[in-house]
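Position 111 (the sequence shown) corresponds to 1313 in our numbering; numbering is contiguous. Structure first, then comments.
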Amino acid sequence: MLPRFLSPVMVLLAAWWGGPWAPGASAEPAEQKSALILLPGQPGLPAASAVAAGVRSVLVSAWSTRISIETEHVDAARFTGAGYDRHLRALYLEKYGDRPFDVIVAAANEPLAFLLRSRGEIWQDVPVIVCAVDERSMAQVALPP
């Protein structure tokens, strides 16, 4: 059973599939989709694992095509500063620079903040879904379109 806080994740993901890139929206043959889930903290933390499992479940069940899902942890609470951001950007550019994503899911404040700081260098045109973010802190953030 998934935690109750995952239901907003599923609502956001379901809303995203309503666009022109939704499964079945085109008569063209289905292609493989690709998603990146950015999680907070270190690998193996129960909350991050639960969010990743919920997002994966929705992606796999909603897309009627093959899907490749990558998961990365943005541990910006323990490792702070511009040097760490530069390291992560360089790492992600090296790993995924030639691999376009159809969507990025920023799960929680840390990954979203990193993504907003790095958006000019990586993943500029990729749609982003945000989940598990504290609404009070979001009121102070200027989100791009």
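Each residue gets a CB set at the ideal place from its N, CA and C atoms; glycine is no exception.
Asked	Found
Alpha-carbon spacing of A1229 relative to A1279, whole angstroms	Because A1229 sits at a pLDDT of 49, beneath the cut-off of 50, its placement in the model cannot be relied upon, and the following sentence gives the value as read from the coordinates. Taking the straight line joining both Cα atoms gives about 45 Å.
Beta carbon of S1270 nearer than 8 Å to that of S1236	yes
Buried versus exposed, by CB contacts within 10 Å (16 or more), V1276	buried
Beta-bridge partners of A1237, as assigned by DSSP	I1271, V1305
Cβ neighbour criterion (16 or more within 10 Å) applied to A1341	exposed
Coarse secondary structure for P1313, derived from DSSP in three states	helix
Supposed close pair P1302, L1241 - CB separation, criterion 8 Å	P1302 to L1241, Cβ: 21 Å. No contact.
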